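See structure below.
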Amino acid sequence: MEFPYEKDSKERLPYEHYLKVYQGLKPEDISGRTGIAYDSDTSSFMLRLMGVTYRISWPDYEVRHLDREDLGYYPLENAANARILVLRYLTEGASAPATGKFLTYREVPWGEVYFKQFQGRCIFRLAYGFGNKLPKFREVMEKIGATAVSHGDAGFEFEFMNGLYLQFLLWEGDEEFPPSAQILFSDNFPVAFVQGEDMAVVGDVSIGALKALSQ
């Protein structure tokens, strides 16, 4: 993926850095650490993101979706933040089984430090984006294969990436109270992503995809 403006260092420079690291690693080592399947015949990884299977080539990091032609939006092909996040996971992350427990952002080791930023970037964005549009929220969550949960006025659980799960919970607003939301992470997220910023990007990518798919 090319970043067209030299001034776009916020995304271009991290992308170039992690791409170089990715190209210097052995794909078998990446697969062993992350649990992402690697096919040596095609020199590519197979990764799921929000209900879509992608083929990711090594070492050039070309990405192509392999299913869900009906969706029309594919974060790993369309969104720079998603591409950088997955690069970071492939270069630094590790897999671990989830126990079924879910964590709030504040419950992860560095969550209290970054909570205000996460609240603004993700929780408020989810609440005000869908809190007064619960039918549309249900429609788009079902579109990505999410499963309804009993929490909130509308709540869904979905696989963000291989073995990593999110719960998006919404409470509808009314004339007296604004809409509210909660985002919960399966308890293996702190193993998969070692930096607090990554968890906020997970929220950014997820909500961005929901908004794109709701159009």
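Per the working numbering, the sequence shown runs over residues 1113 to 1327.
We put the CB at the ideal spot given by N, CA and C, even for glycine.
Bear in mind that the values here come from a model prediction, so they are computed numbers and not experimental data.
Its Cα nearest to that of I1256, the residue L1278 stands out among L1278, P1302, G1241. Inclusion of R1180 and R1167 in the CB contact set at 8 Å is not warranted, their separation being larger than that value.
Nearest Cα to D1265 within the set L1178, A1239, E1288, R1195: A1239. CA-CA distance, L1131 to M1158, rounds to 17 Å. Here V1252 has L1322, L1325, S1326 as same chain residues with Cβ atoms under 6 Å from its own Cβ, once five neighbours each way along the sequence are excluded. Unbroken beta strand (DSSP E) runs of no fewer than 3 residues, entirely contained in the segment 1286 to 1322, are found at 1292 to 1298, following chain order. Taking the Cβ atoms as the reference, W1222 lies roughly 4 Å from G1308, within the contact range of under 8 Å. Residue pairing from DSSP places D1151 in a beta bridge opposite S1156. Cα atoms of S1152 and E1140: separation of roughly 9 Å, rounded to the nearest angstrom.
The beta carbons of A1258 and F1249 sit no closer together than 8 Å.
Residue nearest to P1302 within the set E1219, V1261, S1156 is E1219 (criterion: CA-CA distance). For S1207, the closest alpha carbon among the candidates H1129, G1147, D1286 is that of G1147.
C-alpha of N1274 to C-alpha of A1210: approximately 11 Å in a straight line. Residue state for M1253 is assigned as helix, using DSSP reduced to three classes.
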